[in-house]
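This report concerns only the one structure given below.
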């Protein structure tokens, strides 16, 4: 009898090769590493020959594995196409995405366009929100996928998309004297990584500060800056053109970098897995373009993006 390959095992195989690590594939697919190992052994039993070999601390495909990998991609693509066609008419099919407000106007439309063209009947729940609430919603099952900010180096490497520069933003020329004046800060409500970074940098430099305005809205931050209420800390991504980056001004101390991570819940549907891939691709494209356009303001840290940017990062 001809073997019937297990679809989940094929998906694990493809994910492991594409991510460069079966440990990363386990995290991506929401499975334990032991479960992934069992799936790979199952594939070898079904194939009747060795598909994987030891390569350093990980695994690589054998010649037979390479042949199966090519078929696996085609099988999964056809399976997902069939699922998309069937699910297009399914009532209640939903994928749920969350991301910071910084990316709602530029990246989100591109993600929605690509996803809806492939999954036209699936309902998309997109939420631009605060970092802490998005992370909680993924953990609680309220979101399938979310983009999150994290302190540089504090997250998992396999979810890292990019490492960005934090910058001081202002609508007016930064003051160069009167060092005893308190710096007026426009900030998100607590908790906020950018707020924390601004306060810690100022206090470490011995620069007095005061809260000029707090708000839960990024648009509220931009509005306050435009009226001259104060300065803020953010990345340059999504920053309005009429606001300026403050470079090397005496009263503005250096800031740390901030990481961008793509996290996912467990047991994602085929549509949600596809959305995960699309989100990663769009962010890579847009952040690469922003890196070049801003002459290095966005420092890319993920291995995939380093390959795309060469020595720029």
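Residue numbers (my numbering): 4 to 316. Beta carbons are placed, not taken as given, at the ideal position from N, Cα and C, and that holds for glycine. Just so it is clear, the structure is predicted and the values come from calculations on it, not from any experiment.
Between the CA atoms of residue j and residue i - distance to the nearest angstrom
| i | j | result |
| --- | --- | --- |
| residue 39 | residue 133 | 33 Å |
| residue 148 | residue 47 | 32 Å |
| residue 112 | residue 138 | 22 Å |
| residue 179 | residue 212 | Low per-residue confidence applies at residue 179: pLDDT is 45, beneath 50, and the placement is therefore not dependable, though the value from the model is reported in the following sentence. Their backbone Cα atoms lie some 15 Å apart in a straight line. |
| residue 56 | residue 62 | 6 Å |
| residue 205 | residue 241 | 24 Å |
| residue 177 | residue 249 | Unreliable positioning characterises residue 177 in this predicted model, as indicated by a pLDDT of 49, which lies under 50. The coordinate reading is nonetheless provided below. C-alpha separation (whole angstroms): 7 Å. |
| residue 182 | residue 157 | Below a pLDDT of 50, predicted positions are generally treated as unreliable, and residue 182, at 48, falls in that range; no measurement from the model is reported. |
| residue 58 | residue 22 | 15 Å |
| residue 18 | residue 276 | 11 Å |
| residue 280 | residue 185 | 45 Å |
| residue 264 | residue 286 | 11 Å |
| residue 9 | residue 74 | 13 Å |
| residue 120 | residue 100 | 17 Å |
| residue 190 | residue 169 | 14 Å |
| residue 94 | residue 144 | With a pLDDT of 48 at residue 94, under the threshold of 50, the modelled position of that residue is not reliable, and no figure is offered here. |
| residue 299 | residue 251 | Caution is warranted here: a pLDDT of 47 is assigned to residue 299, below 50, making its placement in the model unreliable, and the coordinate value is therefore given only provisionally. Cα to Cα, residue 299 sits roughly 16 Å from residue 251. |
| residue 282 | residue 225 | 26 Å |
| residue 1 | residue 30 | In the structure as shown, the chain starts at 4 and stops at 316, and residue 1 therefore has no counterpart that could be examined. |
| residue 146 | residue 164 | 19 Å |
| residue 188 | residue 20 | 46 Å |
| residue 60 | residue 44 | 17 Å |
| residue 361 | residue 271 | Residue coverage of the chain in this structure runs from 4 to 316, which leaves residue 361 outside it and unanswerable. |
| residue 245 | residue 228 | 10 Å |
| residue 80 | residue 203 | 49 Å |
| residue 239 | residue 288 | 16 Å |
| residue 24 | residue 69 | 15 Å |
| residue 115 | residue 128 | 10 Å |
| residue 155 | residue 108 | 25 Å |
| residue 6 | residue 136 | 46 Å |
| residue 76 | residue 194 | 43 Å |
Beta carbon of residue i nearer than 8 Å to that of residue j
| i | j | result |
| --- | --- | --- |
| residue 233 | residue 215 | yes |
| residue 65 | residue 54 | yes |
| residue 247 | residue 200 | no |
| residue 278 | residue 118 | yes |
| residue 26 | residue 36 | yes |
| residue 266 | residue 196 | no |
| residue 33 | residue 141 | no |
| residue 222 | residue 256 | no |
| residue 260 | residue 198 | no |
| residue 153 | residue 262 | yes |
| residue 67 | residue 50 | yes |
| residue 192 | residue 230 | no |
| residue 13 | residue 110 | no |
| residue 258 | residue 236 | yes |
| residue 273 | residue 11 | no |
| residue 126 | residue 97 | yes |
Terminal residues of the alpha helix (DSSP H) in which residue i lies
| i | result |
| --- | --- |
| residue 140 | 134-143 |
| residue 129 | Careful: residue 129 lies outside any alpha helix (DSSP H), inside the beta strand (DSSP E) at 126-131. |
| residue 197 | 196-207 |
| residue 27 | 25-32 |
| residue 38 | 36-50 |
Run of the beta strand (DSSP E) containing residue i, from where it starts to where it stops
| i | result |
| --- | --- |
| residue 262 | 260-267 |
| residue 230 | Premise fails: residue 230 is in no beta strand (DSSP E) and is neither H nor E. |
| residue 318 | The question about residue 318 has no answer here: the residues shown for the chain are numbered 4 through 316. |
| residue 324 | Limits of the chain in this structure are 4 at one end and 316 at the other, which puts residue 324 out of reach. |
| residue 247 | 247-249 |
| residue 19 | Taken as a continuous stretch (DSSP letters only), residue 19 belongs to no beta strand (DSSP E), being part of the alpha helix (DSSP H) at 10-22. |
| residue 2 | What is shown of the chain runs 4 to 316, which leaves residue 2 out entirely. |
| residue 218 | 212-218 |
| residue 106 | Run containing residue 106: none; DSSP gives neither H nor E here. |
| residue 56 | 55-58 |
| residue 253 | It is not in any beta strand (DSSP E) - residue 253 carries neither H nor E in the DSSP assignment. |
| residue 153 | 148-154 |
| residue 188 | 186-191 |
Three or more beta-carbon pairs under 8 Å between the region 94-106 and the region 119-132, yes or no? yes
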